[in-house]
Amino acid sequence: MTAYILNLLVLISVYAILSTTLNFIIGYAGIFSLAHAVFFGIGGYTAALVAMNVTPEFFVAIPVAMAAAAVTSLLLALPALRVRGEYFVAASLGLQVLAVTLFSEWKSFTGGIGGVIGIPAVEMLGYPIYKPWQFLLMSLICLVIIIGIIRILVHTSFGRSLKAIRDSESAALASGKNVTVIKTLSVVLSSALAAVAGALYAFYMSFINVQSFMLDTSVLVMAMVIIGGTATILGPLLGAALLMLMPSVLTYLSFLPQTEIGSIQQIVYGMAMVLLMIFRPGGIVSSHPGGGK
Amino acid sequence: MLFLQLLANGLQVGAIYALTAAGFSLIFGSTKIFHFAHGATFAIAAYLFHFALTGLGFHWTFAVAVAAISAVVFGVVLDRFMYAPIQRHEGSFFTVFVASFGVGIVVQNLLGSVFGRGFMSVPTPLSNSVEVMPGLYLSPLNGLAIGCAVICFVALHYFLTHTFVGKGLRALSENPELVRMFGLSPRRLSTYAFALGSLLVVPGAIFTAAGTGINPAVGHHVMLISLAATIVGGIGSLRGAACAGLLIGVAENLAMWKLGTQWSEAITFAILFFFIIFKPSGFFGRATVS
Amino acid sequence: MSEQLMTAQEIEKPAPGSGFTGSTDGQDVLLEITDLSKNFGGLQAINDVSLNLRAGIITTLVGPNGAGKTTLFNMITGHISPSEGDVSWQGESVIGQAPWRIARAGIARTFQDLRLFTHMTVEENILTMMESGSWLWQSGGKFRKAKRLDKVNQILERTGLTDKRHTRALDLAYAERKFLSLARIMATDSRLWLLDEPASGLDPNSYNLFLRLLREEVKEGITVCIIEHNLDIVVNISDRIAFLDQGKLLADGEPQAILNDPALAAIYFGER
Amino acid sequence: MLRKTLSSIAFAIGLASAVSVQAEDIEIGAVFPLSGPNATYGDIFMSGADLAAKHINEDGMLSGNLNILYEDSQALPQQGVVAMNKLVNVEGVPFVLSAFTGVSKALSTLAQRSQTVAVNGGGVGPDLAELGEYFWNVIPLANNEVGALARYAVEDLGHKRFTLVYVDDPLGESILNELEKTLPTLGAELVESHSIAASAQQFSGVAARVRSDNPDVVYVASYGSQQLQIVKQLRDNGVKAQIASYSAFSVPELQSQAEAQGALFTTQSIEWGSDDPVTKRFVDDYKAEHNKNPTSYIANYYNAVRVFGLLAQALEAQNKEITGANLLAQRKATETFELVGGEVSFQDNGTLLAPIQVLEVDGSGSGKVVSVKTAE
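For the protein sequence lines, the chains are A, B, C and D, in the order given.
Read in order, the letters of the first sequence correspond to residues 1 to 293 in our numbering.
Read in order, the letters of the second sequence correspond to residues 1001 to 1290 in our numbering.
Read in order, the letters of the third sequence correspond to residues 2001 to 2272 in our numbering.
Read in order, the letters of the fourth sequence correspond to residues 3001 to 3376 in our numbering.
Here's what the structure looks like:
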């Protein structure tokens, strides 16, 4: 049982990293990306590649994964600088679909749909980490550090600039904000931190394939942010925990037909999205109930 | 010859995309509601058509009516009971989008639970191709789909330019205040927009059910394509959406000349991505950056 | 030619009673607009406008709706690039520069629809205006930070928003929002303020506070250009008036001269 | 103890526990797609496994009641690993039924680490043979199937030109490799191969290209609902060539599809009419229960559970604990197993060797056997 709970907790913390980093651009910068799974994937594949060919050292694999995601994220920054709202959502959607095709086709890097098998256990300064509780500790520390970084950022001048751009881009421009640099920086940062989640995921599962990095994942993470509450620190964490626990809890409801669990789970979160948007657009953890954006 | 065949296939697929995209574009253009659940409307129409025809054994005309009514009712209900309350309190683009997306997820899974998750298609001799010239095979469905799309567009054009409601809808996209001054309620026009926009998915849904077949995720795919077409064509421009839908259908198929099918979706979205970066206003759209 | 004429006029009749600067600072040209035109797909929004904004005085842009006043602002601040002509700020052209660069060079503006940072508190709204660095931190360390906070307090005090410090801009009353909009540009160190209908809809008390603030700032050496419809306000505050109609600058001169011109009045009140 | 904690937690949050079982129950797990687009396979696999458990319990082969715990993989690797984790760490089962190549590969690492036997009876990707000694296959893998079909099509039917339409995944690739290798040795050729995305729905373009290849045989390597669309659209678009495929075709939707009639496919050869008591009982009871003929998938998962029953029975007789390690040792010690389809033995790599039969889709629900090819 403990191992099962540890397993769930590891997955929750990985997804919490994703939702926290996505919230950084959705909630604070107003960049509604549906391509977060792309950077999750790039982080995972890069870490796997480094671990299998160079070294499974945490302090090598994770920075390389972050760098790879940061560089690729410029592709997302490009439309983010040009357009907003529905145009950007569509552009990020485009990027996500393109990335899935590339992940499936670039077999030397990703193994295609077959994926990458046998990713070695991660080592921290030469000490291998494979026991579930060690791994949980490591991912929790990563999560805490990332939350810390984001918490600090949103309370500094950079965070204020982001929020200013989110609320009114033209006014931010008129007040001397270099919108280009600020937006690019936020996208790069968010993507690089999402890559940490990807690397942890790859090490934990020791197997990754494209199915973990598709549009569904982007939507799931977006749902975590929205349901939990945008522009809050706690919201995305709560959202990640709720949505990751839901399938497990549902399997214990013996009166539900097993074959419908997957559908019921999706219906529940679809309904949650609808009802929240009607009655509480700020999400469950909303700093200002009733007030959306 | 392969080229011609692919072009013919592309035109049929493109006609269906064009109609669906036009529906989305009409709704989005006039009400500014990002109706992502438009794909769900498509799936519902397709499934109910299939069910009425093969499950209940209706005559095809009744099955078409069932599909049309269900699509319109679904669209209007969403407008009245979901979008209207959201818009009442400061409904931003994203709030609407998320709710709409949620509906899409719910519908997809409900359809899966009720009708099964497998692939279904309406058995019809119309989908059988005949060789019209060496190497070029066309099915009656090819012609019907294209013809039906043309008729729909002519009718739509007439409606928008010659009827009171149609003119109101066009005015709504330009200036909601003006509409109010002319004594039309934007709320009521919004209902018309949803009814009409939803109706436009019906031909596509029926041809898909009879041709390539449907599964619960079909709406999702169609929605992605119509979204791409709407933006490539220019938001708010029906003409643009239609042209772009056609373009995407053709591009998707012509791509198969040299590449595997796994690239077809990527090609659509590559077109979209580049349009957004280099010409966000699309073919015919007004410049509406930021 | 006409420019010289007007300058001469002003020296002859210094400071009409209506304006409140009363200084001769108005001779230095801070911002020079030359032959500016803007074409929106066949629609001539601005047609060959030349206008100078002189240092230390209040210039008011008047004219009927759609005259191109806001478009002119947008071109000065770089939000819109002109089809033709030039805008030079302290002798250097700003055409083609990014809006944020122009802002940092010392031109601040408000918007007709305010465009506050709605989900940020009043304090954050003001503070963020002082932080022009784009990176993750601001230069200057603790000392500068303390100075910034001092300045925020001062501005809050002067605009009467001290009590609302931690209120979101969204939750403010109408007049408070207008003052926040003003507070935001007070926080910048700009020399030129472009105000788009800053006083419209203000109650008498708020209006007086607004006038007092404006007077104080102009005394401190701020140059102001205002778009205003209310003729009372126009008369009350203007040192100079520029009259725009259908994208053209019809007149540019002293308030009395402009307001007494029957032809302009006819246009203004729509009796053409 | 574990179960107690579990139940109390489940009850504590107001939920009924799904696992209210007696202490003497013997449990094994299964990770099947129970929802999602491939759920139809899950239902088929379950019917086979459940029948085997029923037989084992009726016979009292084991000291306790055999119970199968099903978990949903949605045919996705991540869900598969989560489900496997639950089975291994919460339920502590020694033996897990697995399906689908991607899922099987994903959970094989966990199987190896936790010394839990994972048995595949559905996925046929050839690399499934190399997933460690705790991963077994009770199904002949695709390389055997492709060879058998190619030999039948070339030697018995005289076809020469093959075109392949394959899903771009490990299974599809292995079929491509196998065809490229096999056809030239038989004097036939693979004219062209068309890869498709796993999510693709429209194949009219592919059909046009296939037509212009002018093949004698179109080999379709897909699965689930997609293969139905491929077959329909190939036929709709004027492809008249012989359609051929592998065991994925043995699903009822395809067997009853009008366009698929006459298509060839392969499965593990099971002589349904055999007098062998195991086979006879399986076929009779399955027909009685479901009112239709069983397919090889059903037999495979029946066999998988039966293998467990036989091994566990032997272990209990020796007073050994039923653990993954002991099951593995016992399998290595056992020469042959009496399963549905006759006596079979495992290869050293844990994969079953069996003859392959070529069938023709004839609308009967299970296909008509046209040829049986021995394993090579």
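Backbone N, C-alpha and C fix where the C-beta goes; we use that ideal spot for every residue, glycine too.
This structure is a prediction, so every number in the text was calculated from the model and none was measured.
### Message
Which runs of the alpha helix (DSSP H) at least 4 residues long sit entirely within the region 29–101 of chain A? Give them in chain order.
### Response
Correct list: 36–53, 58–72, 74–82.
### Task
Ignore the nearest five residues each way along the sequence and tell me which others in Ile2339 (chain C)'s own chain have a CB closer than 6 Å to its CB.
In the structure as shown, chain C begins at 2001 and stops at 2272. Residue 2339 (chain C) is therefore absent and cannot be evaluated.
### Message
For Ala29 (chain A) and Ser92 (chain A), I'd like the C-alpha separation in whole angstroms.
### Response
Using only the alpha carbons, I get a separation of about 15 Å.
### Message
Counting only Cβ pairs nearer than 9 Å, list the residues of chain A close to Pro3170 (chain D).
### Response
In chain order, Gly111, Gly112, Ile113, Gly114, Gly115 make up the part of chain A whose C-beta sits under 9 Å from the C-beta of Pro3170 (chain D).
#### Entry: Identity of the residue in B:Ile1277, B:Thr1124, B:Leu1004, B:Val1098 nearest Phe74 (chain A) by Cα
The residue asked about is misnamed: residue 74 (chain A) is Leu in this sequence, not Phe. Ranking B:Ile1277, B:Thr1124, B:Leu1004, B:Val1098 by Cα distance to Leu74 (chain A) puts B:Ile1277 first.
### Task
Would you mind working out which of B:Pro1203, B:Lys1032, B:His1059 sits nearest Phe1153 (chain B), comparing C-alpha positions?
The residue with the shortest Cα to Cα distance from Phe1153 (chain B) is B:Pro1203.
#### Entry: Which listed residue (C:Asn2039, C:Arg2054, C:Gly2056) has its alpha carbon closest to that of Asp2048 (chain C)
Measuring from the Cα of Asp2048 (chain C), the nearest candidate turns out to be C:Asn2039.
### Task
Would you give the residue range spanned by the alpha helix (DSSP H) that Arg151 (chain A) belongs to?
DSSP places Arg151 (chain A) in the uninterrupted alpha helix (DSSP H) bounded by 132–154.
### Query
From D:Ala3198, D:Asp3072, D:Glu3058, D:Leu3176, pick the residue whose C-alpha is nearest to that of Ala3039 (chain D); which is it?
For the residues D:Ala3198, D:Asp3072, D:Glu3058, D:Leu3176, the minimum Cα distance to Ala3039 (chain D) belongs to D:Asp3072.
### Message
Does the CB of Trp2100 (chain C) have a neighbour CB from chain A at under 8 Å?
### Response
Interface residue (Cβ-Cβ distance to chain A less than 8 Å): Trp2100 (chain C) is classified as such.
### Task
Output, in chain order, the set of chain E residues within a Cβ distance shorter than 9 Å of Pro3077 (chain D).
Annotation note: the requested chain E is absent from the structure, which comprises protein chains A, B, C and D.
### Message
Can you confirm whether Arg280 (chain A), when its beta carbon is compared against all beta carbons of chain B, has any partner nearer than 8 Å?
### Response
Answer no: the Cβ-Cβ gap between Arg280 (chain A) and chain B never drops below 8 Å.
### Task
Report the residue ranges of all beta strand (DSSP E) runs contained in full by the region 2088–2144 of chain C; include only those spanning at least 3 residues, in chain order.
Counting whole runs of 3 or more residues, the region 2088–2144 of chain C contains the beta strand (DSSP E) stretches 2107–2109.
### Message
Taking the beta carbon of Ser1100 (chain B) as the centre, do at least 16 other beta carbons fall within 10 Å, making it buried, or is it exposed?
### Response
Buried, because 16 or more other Cβ atoms sit within 10 Å of the Cβ of Ser1100 (chain B).
### Message
So that I know if they touch, is there some Cβ in chain A lying closer than 8 Å to that of Glu1265 (chain B)?
### Response
Closer than 8 Å to the CB of Glu1265 (chain B) there is at least one CB belonging to chain A.
### 8 Å Cβ cutoff met for Ala37 (chain A) and Met214 (chain A)
Closer than 8 Å, so yes.
### Status (buried if at least 16 other CB within 10 Å, exposed otherwise) for Trp2137 (chain C)
Within a 10 Å sphere around the beta-carbon of Trp2137 (chain C) sit fewer than 16 other beta-carbons, which makes this residue exposed.
### Query
Terminal residues of the continuous alpha helix (DSSP H) containing Gln265 (chain A)?
Residues 261–279.
### Message
Would you say Asp167 (chain A) lies against chain C (beta-carbon separation less than 8 Å)?
### Response
With respect to chain C, the C-beta atom of Asp167 (chain A) has a partner C-beta closer than 8 Å.
### Span separating the alpha-carbon of Phe1273 (chain B) from that of Phe3045 (chain D)
When rounded, the distance between both Cα atoms is 43 Å.
### Query
Residues of chain A with a CB under 7 Å from the CB of Ser2132 (chain C): which are they?
Those within 7 Å of Ser2132 (chain C) in chain A are Gly176.
### Query
Counting along the chain, where does the beta strand (DSSP E) carrying Asn2208 (chain C) start and finish?
From DSSP, Asn2208 (chain C) is part of no beta strand (DSSP E) but of the alpha helix (DSSP H) over 2204–2219.
#### Entry: Proximity to Tyr4 (chain A) [Cα-Cα], best of A:Ile264, A:Val249, A:Ala202
Checking every option, the nearest Cα to that of Tyr4 (chain A) belongs to A:Val249.
### Query
What does DSSP give as the partner residues of Ser2037 (chain C) in its beta bridges?
Secondary-structure assignment with DSSP links Ser2037 (chain C) through a beta bridge to C:Glu2084.
### Message
List, in chain order, every chain B residue whose beta-carbon is nearer than 8 Å to that of Pro236 (chain A).
### Response
Chain B residues near Pro236 (chain A): none, gap ~14 Å exceeds 8 Å.
### Query
Out of D:Ala3150, D:Arg3306, D:Gly3092, which has the shortest C-alpha to C-alpha gap to Asp3059 (chain D)?
For Asp3059 (chain D), the nearest C-alpha among the options comes from D:Arg3306.
### Query
According to DSSP, which residues form a beta bridge with Gln3242 (chain D)?
Answer by DSSP bridge pairing, in chain order: D:Val3217.
### Query
Do Ser3245 (chain D) and Ala3263 (chain D) have their C-beta atoms within less than 8 Å of each other?
Yes. Within cutoff.
### Task
Return the Cβ separation of Leu18 (chain A) and Ala192 (chain A) in integer angstroms, given the expectation that the two are a contact with Cβ distance under 8 Å.
Actually they do not touch by this definition, with Cβ atoms about 13 Å apart.
### Query
Within the 8 Å Cβ cut-off, does Val3372 (chain D) reach chain B?
So no, Val3372 (chain D) is outside the interface.
### Message
Taking the alpha-carbon of Gln266 (chain A) as reference, which of B:Gly1104, B:Ser1092, B:Ala1046 has the nearest alpha-carbon?
### Response
Of the residues B:Gly1104, B:Ser1092, B:Ala1046, the one whose Cα lies closest to the Cα of Gln266 (chain A) is B:Gly1104.
### Message
Quick check on this structure: which residue in A:Gly270, A:Gly283, A:Ile278 has the alpha carbon closest to the alpha carbon of Gln1108 (chain B)?
### Response
Nearest C-alpha to Gln1108 (chain B): A:Gly270.
### Among D:Ile3028, D:Pro3094, D:Asn3319, nearest to Tyr3070 (chain D) - alpha-carbon criterion
Out of D:Ile3028, D:Pro3094, D:Asn3319, D:Ile3028 has the C-alpha closest to the C-alpha of Tyr3070 (chain D).
### Whole-Å CB distance - Ala3106 (chain D) paired with Val3081 (chain D), under 8 Å assumed
Yes, they are in contact, since the Cβ atoms of Ala3106 (chain D) and Val3081 (chain D) sit about 5 Å apart, within 8 Å.
### Query
Among residues of its own chain, excluding the 5 on either side of Lys3328 (chain D), which ones have a beta-carbon nearer than 7 Å to its beta-carbon?
First, the residue type needs correcting, since residue 3328 (chain D) is Leu and not Lys in the sequence shown. Around Leu3328 (chain D): Val3117, Glu3133, Tyr3134.
### Query
With Ala2108 (chain C) and Trp2193 (chain C) assumed to form a contact (beta carbons below 8 Å), what rounded beta-carbon distance in angstroms separates them?
Right, the Cβ-Cβ distance comes to about 5 Å (below 8 Å), so this counts as a contact.
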